[in-house]
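Asker: Got a structure for you, written out below as structure tokens; questions coming shortly.
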Amino acid sequence: MIGLAQTQSFEMMKVFLSPSGRTTVRCPFCEKHHYKEVPKYLYNKPVRAECKCGKSFPVLFDSRGNFRTEVQLAGEYWDTFGEKDLMTVTTLSMSGAGFEAACSTPDVSVGETITISFWLNGPFSNWIKAKAIVKRIDRNRLGVEFVGLDEHQQKCLGFFLMP
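This is the structure in structure tokens:
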């Protein structure tokens, strides 16, 4: 059984949770698998997992619904007034993106619907232009959730995000 305690660490093992909050954690020392139901208060927080073998290791229980990957994709966005600014997409998933706006103080608010556009490079290159709801703002870094991607855009994103 894995015991949990709060911790601060920079080398985390990221473990994805099922919608019901269950996951399997593999001890990196003895390689034993532990099936665990994780309480909601530990979602997306660093913890130290302790294995029966006596070793402990840092874990982050990721409750995101979709896998997110780090990228560097050039693009642009338009605020609700139609003003355009350049951006760099830094994280991408099937449901949303994180990006850094070129402007140090973007003129958008959480909850607003903006339009974003960026180029997916690689074998399935394609422009993605979509409406997105602003979910998070931290200076010039924004997190958005896609709204109404068409089937073609979903397929392009899916192929791009495949390992």
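Each position in the sequence shown, counted from 1, maps to that position plus 173 in the working numbering. From the three backbone atoms N, C-alpha and C, an ideal C-beta is built for every residue, glycine too.
Can you give the Cα-Cα distance for Gly194 and Met267, rounded to whole angstroms?
Answerer: 20 angstroms
Asker: Please state whether DSSP places Glu285 in a helix, a strand or coil.
Answerer: Assigned with DSSP and collapsed to three states, Glu285 falls in coil, not helix or strand.
Asker: How long is the line joining the alpha carbons of Val220 and Glu256, rounded to whole angstroms?
Answerer: 42 angstroms
Asker: Check whether the segment 247 to 263 touches the segment 281 to 294, taking contact to mean three or more Cβ pairs, one atom from each stretch, closer than 8 angstroms.
Answerer: yes
Asker: Considering only C-alpha positions, which residue in the set Pro231, Asn313, Met186 and His325 is nearest to Asp258?
Answerer: When each option's Cα is compared against that of Asp258, the closest is Asn313.
Asker: Mind checking whether Glu197 and Leu334 have CB atoms under 8 angstroms apart?
Answerer: What sits at residue 197 in the sequence shown is Thr, not Glu. No, they are not a contact pair.
Asker: So, for Pro201: in the same chain, excluding its five sequence neighbours on each side, which residues have a beta-carbon less than 6 angstroms away from its beta-carbon?
Answerer: Within the same chain, Pro201 has close Cβ partners Phe230.
Asker: So Ile287 and Asp323 are supposed to be a Cβ contact under 8 angstroms. How far apart are they, rounded?
Answerer: Incorrect: roughly 18 angstroms between the Cβ atoms, too far for contact.
Asker: Could you tell me which uninterrupted alpha helix (DSSP H) segments, each at least 4 residues in length, are contained entirely in the segment 245 to 313, listed from first to last along the chain?
Answerer: Those alpha helix (DSSP H) runs which fall completely within the segment 245 to 313 and span 4+ residues do not exist here.
Asker: Let's test the definition: count the other Cβ atoms within 10 Å of the Cβ of Cys329 and tell me whether it reaches 16, buried, or not, exposed.
Answerer: buried
Asker: Compute the beta-carbon to beta-carbon distance between Ser236 and Tyr216, rounded to the nearest angstrom, for a pair I have assumed lies under 8 angstroms.
Answerer: 4 angstroms
Asker: If we call anything under 8 angstroms between Cβ atoms a contact, is Lys308 one with Gly316?
Answerer: Lys308 places its beta carbon less than 8 angstroms from that of Gly316.
Asker: Considering just the uninterrupted stretch of the beta strand (DSSP E) at Lys213, what are its terminal residues?
Answerer: First-last for Lys213: undefined, no H or E at that position.
Asker: Pick helix, strand or coil for Phe333, following the three-state DSSP scheme.
Answerer: helix
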